[in-house]
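These notes concern the structure reproduced below.
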Amino acid sequence: MKTKVRSSVLFLLSFAIIVFLAFAGFKGFVFGWGENQWQFKSFDQTITKGLDLQGGVSVLMEIQSDKVSKNDLEKTKELLALRVNKVGVAETVVTTEGEKRIRIDIPGKYDSKSIVDTLSKTGELKFLDPDKNVILTGKDVKEATTGVEQQTGQPIVSLELTDEGKKKFADATTKLVGQSIAITMDEEQLTNPVVREPIIDGKAQISGSTSIEEAKKLAGVINSGALPVPVKTASVKTVGAQLGANALPNAMKAAAIGIGIIFLFMIIYYRIPGFLACIALTLYISLVLYTFVSVGATLTLPGIAGFLLTIGMAVDANVLIFERIREELRAGKSAKASIQSGSHNALSSILDSNLTTIIAALILYYLGSGPVKGFALTLLIGVIISMFTAIIITRLFVNLAVNMGILNKPSLFGVKRG
């Protein structure tokens, strides 16, 4: 009796948690009253959408140099990302393709000409006094690093200047104590620190960053100074707002229909175990989408295709387990013994099929680019989580149902004896 009550409580609690996670993710909610309100945003608001879902511009830049080091490629990528973000573009996705190309996907922006002009600039870093006179340029900075101020715990950027820059800066800071020195890139101001005392040793600290990430970005711009190598626009692709606006609702409608058919099949064919599998699949879908939010994955149409494919694989794992359990029941074993041996026998097949898919996804991710990478990442995340929900969660629910006394007959698994 105690086992039955304990299993019932655990099942209902698990069911309530899964329903809450799904509702919160798909609908969102507001907690609190008045000024103390806190909003839990839905997946639609938090998951970054690719160009094919919301429109925008995709620019492919190619480095015009015979030999390109990995360091130069990464520096160029970082500086191009900072340039685009400086003009107020949110959720920009910047990735390298091959050894010489960098792709910049800019959702929600359609003025491709101004974006290409911004990206193609050679870049000029300047340190300016209050009268806009140039004190230093990027060539005068030897290195910029990030750190934390020991006394205040605030993030800082530490500068080390060249010998020539050291002398220029010493003269300027001696005259500008109490005044600000603006640091600009392509005439856009990055920061405007105040000189507290003369800096004569060529080493300075810039405070005022609100986070270590902001300090790292500032250090990255200062280190790069200008693009380390010349770049040229290889291609520009514009996706209209209307196409993006139509793509997402259609994709979501197709996904809902497909998932609904899968749930219906599982319940009709496997009955109570099928219903339990649907609960586990609901948790699986929620966990995958929460993972997308946490890792900052960009969802694209190929990504949605990969996601739906992993749902099919998650269902396949449940089908393998249930069919093995049916075989054991037909052999005359009890429900509890059939679940244990059937789950164990299906494990090797589930692992084999999922591991081969994981290997394929890893190859696609590291060798592919653009939409292929999005598909591979979605597939990889989905397969890993599907193994967890199929092997652990579905089995847990089935065992709880047996202990509760609602799944102790072969007929409840769709098996008829004699």
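In the working numbering, the protein residues as written are 20 to 437.
Idealized CB from N, CA, C, for every residue including glycine.
Restricting attention to Thr111, Ser226, Lys222, Thr115, the CA atom closest to the CA of Thr210 is found in Ser226. In this structure, the CA atom of Asp220 is about 14 Å from the CA atom of Glu162. According to the DSSP secondary-structure assignment, Arg120 is paired through a beta bridge with Glu81, Glu116.
A Cβ-Cβ contact shorter than 9 Å links Leu426 with Ala354. Membership of Val255 in the beta strand (DSSP E) is indicated by the continuous run 250 to 258. Per DSSP, the unbroken alpha helix (DSSP H) holding Ile403 starts and ends at 390 to 407.
Excluding sequence positions up to five before and after Val258, its CB lies within less than 8 Å of the CB of Leu70, Asp71, Gly74, Gly75, Val76, Ser77, all in the same chain and listed in chain order. The three-state reading of DSSP puts Val196 in coil, since its state is none of H, G, I, E or B. Beta bridge pairing from DSSP links Ser177 with Thr164, Gln224. Taking Glu347 as reference, the option from Ser26, Asp63, Ser362 with the minimal CA-CA separation is Ser362.
For Phe45, the uninterrupted alpha helix (DSSP H) segment begins and ends at 21 to 46.
With a 10 Å radius around the Cβ and a threshold of 16 neighbouring Cβ atoms, Ala333 comes out buried.
Between Thr193 and the set Thr203, Gln170, Ala316, Ile154, the nearest pair of CA atoms involves Ile154. Just measuring C-alpha positions, the residue of Lys272, Ile218, Ser367 sitting nearest Ala191 is Ile218. Distances from the CA of Thr319 to each of Pro126, Leu283, Val255, Leu31 were compared; the closest alpha carbon is that of Pro126. Inter-segment contact for the region 427 to 434 and the region 23 to 39 is absent: fewer than three beta-carbon pairs are separated by less than 8 Å. For Ile154, the enclosing beta strand (DSSP E) has its first and last residue at 153 to 156. If the five residues before and after Leu92 are omitted, its C-beta is found closer than 8 Å to the C-beta atoms of Ile82, Thr115, Glu118, Lys119, Ile121, all from its own chain and listed in chain order.
Under the 10 Å beta carbon count, Asp124 is surrounded by 16 or more other beta carbons and is classified as buried.
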